[in-house]
Amino acid sequence: MYLRKCIGRDSLIPPNGRPLTLPCNLHPVNCPPVTFGFFEVYDMYAEKAVVRVHGDLKVQTRFYPHPHSSSTIILVNGSLATSAAFAQALRFLCPLFNVVLFDQPYSGASRVHNRSQAMLGKEDEALILLDLIEHFRADQVMSFSWGGVSTLLALAQRPARIRRAVISSFSPVLNAPMMDYLKRGQEYMAACDRHQIATLVNETIGKHLSPLFKRCNFRHVSTLEVHEYAQMLHHIRQVLSLDTDRYMQCVGNVDVPLLFLNGELDEYTTPTDALYFADLAKRSEYVTIRNTGHFLEMEHQTAWEDVRQAVERFLLAADRVTGLRKAS
186 MYLRKCIGRD
196 SLIPPNGRPL
206 TLPCNLHPVN
216 CPPVTFGFFE
226 VYDMYAEKAV
236 VRVHGDLKVQ
246 TRFYPHPHSS
256 STIILVNGSL
266 ATSAAFAQAL
276 RFLCPLFNVV
286 LFDQPYSGAS
296 RVHNRSQAML
306 GKEDEALILL
316 DLIEHFRADQ
326 VMSFSWGGVS
336 TLLALAQRPA
346 RIRRAVISSF
356 SPVLNAPMMD
366 YLKRGQEYMA
376 ACDRHQIATL
386 VNETIGKHLS
396 PLFKRCNFRH
406 VSTLEVHEYA
416 QMLHHIRQVL
426 SLDTDRYMQC
436 VGNVDVPLLF
446 LNGELDEYTT
456 PTDALYFADL
466 AKRSEYVTIR
476 NTGHFLEMEH
486 QTAWEDVRQA
496 VERFLLAADR
506 VTGLRKAS
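Here this note's numbering is used: the first residue of the sequence shown is 186, the next is one more, and so on.
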C-alpha cells in the first residue's frame with residue numbers, strides 16, 4: 186500500500202485515488218480506523234528538482250506538468266507549513282494547469298540543501314518567489330495565509346510574466362484575535378515549547394479542522410526543527426513591526442487582477458478585514474467561503490467545492506480574455 190506522510194494540511198494518498206481506510210498500526214498518528222471520504226487526493230506525477238535562488242540558497246521544487254496547458258501556477262505556503270499544505274488544492278489545479286510547489290530554504294525538503302542558518306525576511310522570500318516565477322515561467326500565483334506577504338511584495342515588482350494571483354486567508358489588518366495569536370506564538374516559540382505551539386495552532390486558526398487534520402497539524406508543528414521555530418519567531422517579529430503604510434503602498438503597485446479568498450468563520454483574517462485592500466488594489470475581487478475557517482478547502486467537502494469554483498472562475502477568465510484577443 187502506498188502512503189504519503191500526513192504533514193501539515195496534507196493527507197494520505199492511495200494510488201487509485203479511492204477513499205482509503207487504514208488500520209491503526211498504519212496510521213501516522215496511530216488513530217482508530219478512518220475512511221478519508223473527500224480527503225482522498227491522487228498520486229500524481231511530479232518532476233522534482235533543486236533550484237538555486239536568491240544567491241546561494243536552494244529550494245526543493247515539484248513541477249506537476251499538464252500535457253495540454255501552457256499556463257503555469259506557482260503556490261506559496263504559509264508559516265509553519267510546507268508544500269504538502271496544498272494537497273487539496275492540487276486536486277482542482279492539476280486538471281487545469283501546470284503546477285509548481287516549493288519549500289522555503291529553511292523548511293521541508295529544502296532544509297537539507299542549505300547550510301546557512303541565516304534568518305530570512307519576507308523581502309527575501311519575495312525575491313525567492315520572483316526567481317522561481319522566472320525559472321518556471323509561471324504566469325499565475327496562489328498563496329495561503331502568511332504566504333500572502335511575500336507574494337504581494339513580489340507582485341509589487343510587477344513581474345512581466347504574471348497575469349493573475351489568488352491570495353487566500355490573508356488580510357492587511359492585525360485584529361485582536363490575530364494579535365493575541367501572534368503574541369502567544371512569539372512567547373511559545375521563544376521558549377521552544379513544542380506542545381504549546383502546536384496546541385495554539387489547533388485552538389486558533391485550526392479550530393475548524395477535522396480531528397484527523399488537527400492530529401496531523403499537531404504532529405507536524407510539534408516536531409519542527411529548532412531553526413524552523415527561530416525562523417517563524419523572526420517572521421512574527423517582522424510582522425508585528427511591519428510598516429503598514431509602506432506595505433499598503435506596495436500593494437498599490439500591484440497591476441494584475443487579484444482574488445482574495447477568506448473563510449466566513451475565520452476570526453483571524455476576516456473577509457471584512459480583507460476589504461481594506463480594495464482602495465489600493467483596484468483590480469481586486471473578494472469571495473467569502475461560507476461556513477469555513479482559516480484553512481478553507483481543507484475543512485470540509487463543501488468548502489473544497491466552493492474554493493474550487495471561485496479559483497477556477499477567476500483563473501480561467503485570463504484564458505478567456507487571451508482567447509478573445511487572439512480571435513480579434
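Glycine is no exception: its CB is placed at the ideal position from the N, C-alpha and C atoms.
Treat the numbers as computed from the prediction; the structure is a model and nothing was measured.
Item to check | Where the alpha helix (DSSP H) containing ARG422 begins and where it ends | outcome: For ARG422, the uninterrupted alpha helix (DSSP H) run begins and ends at 411–425, by DSSP.
Checklist entry - Going by Cα to Cα distance, which pick from THR477, VAL236, SER264 and GLU484 is closest to GLY370? => result Ranked by Cα distance from GLY370, the options THR477, VAL236, SER264 and GLU484 are led by SER264.
Item to check | Sequence ranges, alpha helix (DSSP H) only - wholly within the region 228–301, length at least 4 | outcome: 272–278
Checklist entry - Of all the options LYS243, LEU501, ARG379 and TYR432, which has the alpha carbon lying nearest to the alpha carbon of LEU316? => result One detail in the question is off: residue 316 reads as Asp in this sequence, not Leu. Nearest to ASP316 by alpha-carbon distance, out of LYS243, LEU501, ARG379 and TYR432, is LYS243.
Checklist entry - Cβ of LEU500 within 8 angstroms of Cβ of VAL492? => result no
Item to check | Reference LEU281; option with closest CA among LEU340, THR257 and PHE287 | outcome: Minimum Cα distance to LEU281 is reached at THR257.
Checklist entry - Which whole-angstrom value describes the C-beta separation of LEU286 and ARG247, a residue pair presumed to lie in contact below a C-beta threshold of 8 angstroms? => result Under the criterion of beta carbons closer than 8 angstroms, LEU286 and ARG247 qualify as touching, at roughly 5 angstroms.
Checklist entry - Between ARG498 and the rest of its own chain, which residues show a CB-CB distance below 7 angstroms, the 5 nearest in sequence each way excluded? => result none
Item to check | Length of the line joining the Cα atoms of ASP195 and GLU470 | outcome: Here the model assigns ASP195 a pLDDT of 34, short of 50, so the residue's position is not dependable and the matter cannot be decided.
Checklist entry - By Cβ distance below 6 angstroms, which residues in the same chain neighbour LEU260 in space, the five residues on each side in sequence not counted? => result Non-local beta-carbon contacts of LEU260 in its own chain, meaning distances under 6 angstroms to residues more than five positions away in sequence, involve PHE271, LEU286 and MET327 in chain order.
Checklist entry - What did DSSP end up calling PHE480 once you bin it into helix, strand or coil? => result coil
Checklist entry - What residue range is occupied by the uninterrupted alpha helix (DSSP H) comprising PHE398? => result 396–407
Next on the checklist: Beta-carbon within less than 8 angstroms of ILE347's beta-carbon, same chain only, minus the 5 sequence neighbours each way: which residues are those?
Outcome noted: ILE318, ALA323, ASP324, GLN325, VAL326, LEU340 and VAL441
Checklist entry - What separation, rounded to the nearest whole angstrom, lies between the Cα atoms of SER426 and HIS419? => result Going by the C-alpha atoms only, they are around 11 angstroms apart.
Next on the checklist: How far does the beta strand (DSSP E) with GLN325 in it extend, from its first residue to its last?
Outcome noted: 325–329
Next on the checklist: Distance check for ALA345 and ASN360, CA to CA, integer angstroms please.
Outcome noted: 34 angstroms
Checklist entry - Should VAL297 be labelled buried (16 or more other beta-carbon atoms within 10 Å of its own) or exposed? => result exposed
Next on the checklist: With distance defined between alpha-carbon atoms, name the residue in ASP365, GLY333 and ASP378 nearest to SER356.
Outcome noted: When each option's Cα is compared against that of SER356, the closest is GLY333.
Item to check | Contact under 8 angstroms by Cβ, LEU443 with ALA466 | outcome: yes
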